[in-house]
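In terms of this note's numbering, the sequence shown opens at residue 1081 and continues consecutively.
Accompanying notes for the structure given below.
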Amino acid sequence: MFDVVTMSDEDSRVVAGVDLGGTNLRVAVADQSGSTAGFLTCPTEAFAGPDVIIDRIVSMIRQSLVRANVEATELVAVGVGAPGPLDSVSGVIHNEPTNLPGWNGIRLADRLSEVLGVPVFLEKDANVAALAECVYGRNCGVANMLYITVSTGVGAGLILNGELWQGVHGTAGEFGHMTVDFEGPLCDCGNRGCIQEVASGPNIAAWVLSKISAGAPSIVTEISVDGPVSGRDVVRAAVDGDELAIAGLDRAGRAVGFGIVSLAHMVNLELVVVGGGIANAGALLLDPIIQTVRGHVLGSTASSLRVVPWSIGEEVGVLGAVASAYSRMGSGREFSV
Ligand SMILES: [Zn+2]
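Rendered as structure tokens:
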């Protein structure tokens, strides 16, 4: 169960949520009910490196407090969602997330805490998104659920018996590196046929481009005006009815679907929530996922399983960071999960 601080005595207290993504940086403050204020977003400009970006996070938190009309003294904690791998206990980012160069070994939680004077809690982005949907989303209260993000990468947060499942070393949730084709293409991780090789935004785009090179008609290359074709370009083309783009999303959806099938058989899930930038394709991604799950999950495991789109949308990272901080501050009442 998720323990959170009781704020009934001090209703003005807030937590800042930070969503540190490779593309965008989002900040807001929120009270215990998940009501956000002072929402700010800007490009991460990952090339600027950790020192500049950490200063920017501090500045955005202070700006967010001002916009929300909240005194700085009412800030009691900060939650940060960031790409893994990271150590959520020590608050250190490990290795080097591919979309955040130069962050290996950065003591992000300590550095923010030293400047802001409050506890800072670091958690993987997919894990905080799972918490957001579990605590504040339309399906709050579900104790056994999987949140999958289909975006630049493919990851997941797993809630089991009302608790975030971290695993022995906190590396749980690498849904994107589950194998769906052991003779498939080589993934960056060194394995073959990972879900991410089919379903991540860049890999969906690469598949569509390979078909265009082989002569297939598509408007995808016309839609892309600012640099290389991206997963979001494919989504836009698919929504406009482009058959090749739709086929790319269908293929991605089936790969994600077979990942869910395997996991559902293993842990008997109640709910799967699908979010991330590619999920903005709506039914074009979700329907092949649901069809695959319905067609392949066995018996009673299938009868209790629902697959739904995210209910929070682009604020999921910020709200999840808030939920993570409240949860880890760990006193007072529990969320009814
Ligand atoms: Zn992989």
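Ideal placement from N, C-alpha and C gives every residue a C-beta, glycine not left out.
Predicted model, so just to flag it, every value in this text is computed and none were measured.
Assigned secondary structure, V1305 (DSSP; H/G/I helix, E/B strand, else coil): Within the sequence shown, numbered from 1, the residue matching residue 1305 stands at position 225. Reduced to three states, the DSSP call for V1305 is coil.
Member of I1370, L1226 and G1397 whose CA lies at the smallest distance from the CA of N1241: Position 161 of the sequence shown, counted from the start, is the residue given in the question as residue 1241. Out of I1370, L1226 and G1397, L1226 has the C-alpha closest to the C-alpha of N1241.
Simplified DSSP state of L1155, which is helix, strand or coil: Position 75 of the sequence shown, counting from 1, holds the residue named residue 1155. Correct three-state label for L1155: strand.
Contact set, ligand 1 heavy atom to C-beta under 6 Å: H1257, C1267, C1269, N1271, C1274 and Q1276
Cβ-based burial, C1122 [other Cβ within 10 Å; buried from 16]: By one-based count along the sequence shown, residue 1122 stands at place 42. It counts as exposed.
Secondary structure of L1324, DSSP reduced to three states: For this step, residue 1324 is matched to residue 244 along the sequence shown. Correct three-state label for L1324: helix.
Continuous alpha helix (DSSP H) stretch holding E1277: start and end: Walking along the sequence shown from the start, residue 1277 turns up at place 197. Segment I1275 to A1279, the alpha helix (DSSP H) holding E1277.
At least 3 beta-carbon pairs within less than 8 Å: the region 1331-1340 vs the region 1364-1376: yes
Test: G1295 CB closer than 8 Å to a CB of chain B: No chain B is part of this structure, which consists of one protein chain only.
Three-pair Cβ contact test at 8 Å for the region 1375-1393 versus the region 1203-1221: yes
Length of the line joining the Cα atoms of V1169 and D1268: As a first step, residue 1169 must be located in the sequence shown, where it is residue number 89. As a first step, residue 1268 must be located in the sequence shown, where it is residue number 188. Distance between the alpha carbons of V1169 and D1268: 26 Å.
Cβ separation of S1298 and D1322, assumed to be a contact under 8 Å, to the nearest whole Å: If you number the sequence shown from 1, residue 1298 lands on position 218. If you number the sequence shown from 1, residue 1322 lands on position 242. Rounded, the Cβ-Cβ distance is 6 Å, consistent with contact.
Which of helix, strand or coil DSSP assigns to M1087: Stepping through the sequence shown from its first residue, residue 1087 is reached at position 7. Any answer about M1087 is weak, because its pLDDT of 38 lies below 50 and its placement is not dependable; what the coordinates show is given next. The answer is coil: DSSP assigns M1087 none of H, G, I, E or B.
Top-ranked residue by Cα proximity to G1129, from V1150, E1151, N1179 and V1156: What you label residue 1129 is simply residue 49 of the sequence shown in a count that begins at 1. Among V1150, E1151, N1179 and V1156, the Cα nearest to that of G1129 is on N1179.
For N1360, three-class secondary structure by DSSP: Along the sequence shown, one-based indexing puts residue 1360 at 280. Note: N1360 maps to helix in three-state DSSP.
Cα-Cα separation between N1149 and A1117, rounded to whole angstroms: Position 69 of the sequence shown, counting from 1, holds the residue named residue 1149. Position 37 of the sequence shown, counting from 1, holds the residue named residue 1117. Distance between the alpha carbons of N1149 and A1117 is about 9 Å.
Rounded distance between the beta-carbons of V1172 and G1185, thought under 8 Å: If you number the sequence shown from 1, residue 1185 lands on position 105. If you number the sequence shown from 1, residue 1172 lands on position 92. That belief holds up - the Cβ atoms of G1185 and V1172 are roughly 7 Å apart, short of 8 Å.
Of the listed residues D1306, T1232 and W1245, nearest to E1277 (C-alpha basis): What you label residue 1277 is simply residue 197 of the sequence shown in a count that begins at 1. Nearest of D1306, T1232 and W1245 to E1277, Cα basis: T1232.
Simplified DSSP state of Y1216, which is helix, strand or coil: The residue given as residue 1216 occupies position 136 in the sequence shown. Looking at Y1216 - three-state DSSP - the assignment turns out to be coil, as it is neither helix nor strand.
Pair within 8 Å by beta-carbon distance, A1332 and I1358: Start at 1 with the first residue of the sequence shown, and residue 1332 comes out as number 252. Start at 1 with the first residue of the sequence shown, and residue 1358 comes out as number 278. Yes, they are a contact pair.
For R1386, three-class secondary structure by DSSP: Taking the first residue of the sequence shown as 1, we reach residue 1386 at position 306. Three-state result, R1386: strand.
Neighbourhood of V1198 by C-beta, 7 Å cutoff - its chain only, sequence neighbours within 5 removed: Here the question's residue 1198 lines up with position 118 in the sequence shown. L1155, V1156, A1157 and V1158, listed in sequence order.
Separation of G1362 from L1192, as counted between CA atoms: Position 112 of the sequence shown, counted from the start, is the residue given in the question as residue 1192. Position 282 of the sequence shown, counted from the start, is the residue given in the question as residue 1362. Cα to Cα, L1192 sits roughly 36 Å from G1362.
Per DSSP, the bridge partner or partners of R1147: Translated into the one-based positions of the sequence shown, residue 1147 becomes position 67. For R1147, which the question treats as bridged, DSSP gives no partner whatsoever.
CB of A1279 within 8 Å of CB of V1230, strictly: The residue you call residue 1279 lines up with position 199 of the sequence shown. The residue you call residue 1230 lines up with position 150 of the sequence shown. Contact: yes.
Separation of G1114 from L1188, as counted between CA atoms: Here residue 1188 corresponds to residue number 108 of the sequence shown, with the count starting at 1. Here residue 1114 corresponds to residue number 34 of the sequence shown, with the count starting at 1. Between L1188 and G1114, the C-alpha separation is close to 24 Å.
Test item: CB-CB of F1255 and G1273 under 8 Å: Along the sequence shown, one-based indexing puts residue 1255 at 175. Along the sequence shown, one-based indexing puts residue 1273 at 193. Taking 8 Å as the Cβ cut-off, F1255 and G1273 do not qualify as a contacting pair.
N-terminal and C-terminal residue of the alpha helix (DSSP H) that R1191 is part of: In the sequence shown, residue 1191 corresponds to position 111, counting from 1. Note, R1191: alpha helix (DSSP H), L1188 to L1196.
According to DSSP, residues forming a beta bridge with A1110: Position 30 of the sequence shown, counting from 1, holds the residue named residue 1110. DSSP lists V1095 and T1116 as partners of A1110.
Option nearest G1182 by Cα separation, candidates A1126, S1144, A1294 and L1100: The sequence position of residue 1182 within the sequence shown is 102, counting from 1. That would be A1126, whose Cα lies nearest to the Cα of G1182.
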